[in-house]
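Chemist:
Here it is as structure tokens:
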């Protein structure tokens with residue numbers, strides 16, 4: 123998710139009569155869902171890799187000046203509690219009794235969880251047990267560590283895969299020390315990997331790296347799969363939404379757009395509770411999931427929308443939908459398969475993002491380059507026309523592209539076997555206009571970059587809805603390719619709801635249900651207790 127670029131302020135927040143009728147309906151449905159919603163808690167990693175750097179420091183306080191209660195295991199195995207006004211977590215280097223080999227088989231690396239999840243299933247279909255990890259800003263699929271437990275098994279797996287044409291890598295390091303988290307109280311230092319923190323006021327203020335946020339619920343520090351720690355916020359779902367909705371849709375959004383965002387954010391959360399299973403929590407707090415900033419800067423309009431839709435999620439065939447959304451589509455919503463691997467979603471289809479018919483995709487599909495360029499000349503009549511991300515134009519040199527591509531290779535642990543980028547080309551585009559594949563001609567050969575990876579491999583495109591124009595340096599009648607201009611539209615993946623587009627639909631008098639039907643065809647609103655089977659087995 124990319125949040126909203128606050129490029130304008132809506133001046134009309136009035137609720138039309140049709141919307142008032144919808145509110146009455148939502149209020150009734152919300153009553154049915156309240157009991158489940160009130161009890162539904164989620165685990166959010168608000169600080170994901172505490173302890174990667176020696177200077178990492180966390181300060182926790184009661185959000186209203188009260189006391190904190192720490193609960194942890196004492197040296198004799200009993201449960202111990204402490205009351206503190208402030209908890210300062212710092213790291214100390216701790217020598218290990220024996221060197222520790224940390225080793226894992228990385229089967230693939232991806233820009234997104236969606237592609238990692240699909241690829242993980244492909245490996246399972248081949249009989250290989252796997253787990254999805256996010257050791258940095260890149261998602262990876264690992265061979266399951268509890269199955270491939272020994273160096274011999276891991277190397278046999280890699281050799282077997284190489285014989286079958288797969289390119290797995292072995293990531294390893296030997297540690298003779300580690301960073302141990304701990305705190306001081308009453309003149310004594312407590313070293314613990316796991317403990318929980320509650321606050322007398324029910325809110326906890328967390329300060330790290332110059333950023334301070336206040337959260338509801340409780341906190342737990344716990345180890346993750348990467349040798350560091352995660353600070354996990356266990357919080358009621360509806361409280362979590364108070365820290366998501368206003369920051370995703372914007373504080374000045376018209377009310378119907380806020381309601382739509384509340385429903386989609388709730389749906390996204392309950393659909394994605396498995397993202398961080400490897401680390402024993404459920405969601406993150408940044409754009410790899412949804413922006414979650416706790417209870418600071420909550421907005422009354424968002425609180426009202428969350429309460430009015432309490433417990434309601436958007437479903438298809440009695441399951442929460444894949445509730446994807448982005449800032450700006452550029453004029454056409456992208457089908458799921460235009461961006462990610464996997465089966466199509468019947469409710470995530472191409473649609474011209476406009477309140478009236480201004481382009482016929484069936485008659486003039488955008489995989490035709492002439493059609494696409496003609497479409498990109500259209501500037502008015504779209505839901506997003508007034509936003510500065512609707513159309514954009516950025517230029518870059520071949521030298522800059524080379525450096526950016528090398529960084530992309532390093533992030534994905536791929537060997538850099540080229541020195542320079544010489545040419546790029548768009549070789550496949552979808553009928554909805556999204557670039558599906560690009561080729562890069564280098565000094566050592568041609569590299570193919572597929573859909574979702576394009577925004578990581580290249581700068582500047584902020585979406586895959588673009589075309590390119592070469593930039594030449596002309597000297598004495600001779601042309602030398604210097605770089606490219608990317609001419610495009612939209613910000614983000616373009617799948618599902620357009621946050622900026624929802625502003626316009628709301629200002630035109632559309633209800634939140636109308637907005638959701640516009641972006642997610644054939645879906646239904648249901649309270650959580652009607653789809654409880656989806657959460658069967660969840661702790």
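In the working numbering, the protein residues as written are 123 to 661. We put the CB at the ideal spot given by N, CA and C, even for glycine.
1) Is the CB-CB distance between residue 534 and residue 260 below 8 Å?
2) How long is the line joining the alpha carbons of residue 295 and residue 396, rounded to whole angstroms?
3) Buried or exposed, going by whether 16 or more other CB atoms sit within 10 Å of the CB of residue 645?
4) Within 10 angstroms of its Cβ, does residue 159 collect 16 or more other Cβ (buried), or is it exposed?
5) Under 8 Å by Cβ, that's how I've got residue 343 and residue 389 pegged, so tell me the actual separation to the nearest angstrom.
6) Rounded to the nearest angstrom, how far is the Cβ of residue 618 from that of residue 587, given a contact under 8 Å?
7) Let me know the secondary structure DSSP gives residue 576 once reduced to three states.
8) Can you find the residues in the same chain that come closer than 6 Å, C-beta to C-beta, to residue 424, ignoring five residues on each side of it along the sequence?
9) On the premise that residue 635 lies in contact with residue 627, defined as a C-beta separation below 8 Å, what is that separation, rounded to the nearest angstrom?
10) Report the three-state DSSP secondary structure of residue 516 (helix, strand or coil).
11) By Cβ distance below 6 Å, which residues in the same chain neighbour residue 174 in space, the five residues on each side in sequence not counted?
12) Alpha helix (DSSP H) containing residue 172: first to last residue?
13) When burial is assigned at 16 or more other CB atoms within 10 Å of the CB, is residue 269 buried or exposed?
14) I'd like to know whether the C-beta of residue 255 is nearer than 8 Å to at least one C-beta of chain C.
15) So, helix, strand or coil for residue 304, using DSSP?
16) Quick one: Cα of residue 549 to Cα of residue 447, how far?
17) Would you call the segment 296 to 313 and the segment 209 to 224 touching, i.e. three or more CB-CB distances under 8 Å?
18) In angstroms with no decimal places, state the Cα-to-Cα distance between residue 560 and residue 165.
19) In three-state terms, what does DSSP make of residue 312?
20) Which residue marks the beginning of the beta strand (DSSP E) containing residue 358, and which one marks its end?
21) If you scan the segment 389 to 459 from start to end, which runs of the beta strand (DSSP E) of 3 or more residues do you find wholly inside it?
22) Quick check: residue 297 and residue 221, are their CB atoms within less than 8 Å of each other?
23) Can the beta-carbon of residue 341 be found closer than 8 Å to that of residue 353?
24) Which residues in the same chain have their Cβ closer than 7 Å to the Cβ of residue 643, if we skip the five residues on either side of it in sequence?
25) Assuming residue 625 is part of the alpha helix (DSSP H), what are its boundary residues?
26) Could you pull out every unbroken beta strand (DSSP E) segment of at least 3 residues lying fully inside the segment 163 to 225, listed in chain order?
27) For residue 318 versus residue 337, is the C-beta distance shorter than 8 Å?
28) Taking 8 Å as the threshold, find out whether the segment 514 to 525 comes into contact with the segment 483 to 490 through three or more Cβ pairs.
29) How about residue 407 and residue 185: do their beta carbons lie closer than 8 Å?
30) I need the straight-line Cα distance from residue 509 to residue 453, nearest angstrom please.
31) Can you name, in chain order, every residue of its own chain whose Cβ lies under 8 Å from the Cβ of residue 543, other than the five neighbours on each side?
32) Cα separation between residue 660 and residue 251?
33) Return the first residue and the last residue of the alpha helix (DSSP H) that residue 653 is part of.
34) Consult DSSP for residue 552 and reduce its assignment to one of helix, strand or coil.
35) For residue 293, name the three-state secondary structure that DSSP assigns.
36) Assign residue 551 to one of two classes, buried (16 or more other C-beta atoms within 10 Å of its C-beta) or exposed (fewer than that).
Modeler: Concretely, from the data shown:
1) yes
2) 28 Å
3) buried
4) buried
5) Not quite, the Cβ-Cβ distance comes to about 29 Å (not below 8 Å), so this is no contact.
6) Not quite, the Cβ-Cβ distance comes to about 14 Å (not below 8 Å), so this is no contact.
7) helix
8) 367, 368 and 380
9) So it is not a contact: roughly 11 Å between Cβ atoms.
10) strand
11) 350
12) It is not in any alpha helix (DSSP H) - residue 172 instead sits in the beta strand (DSSP E) that spans 163 to 172.
13) exposed
14) No chain C appears in the structure shown, which is made up of a single protein chain.
15) strand
16) 26 Å
17) yes
18) 38 Å
19) strand
20) 351 to 358
21) 434 to 438
22) yes
23) yes
24) 469 and 471
25) 621 to 629
26) 163 to 172, 180 to 184, 190 to 195 and 201 to 206
27) no
28) no
29) no
30) 11 Å
31) 520, 523, 524, 527, 562, 563 and 564
32) 21 Å
33) Note, residue 653: premise wrong, no alpha helix (DSSP H); not H, not E.
34) coil
35) strand
36) buried
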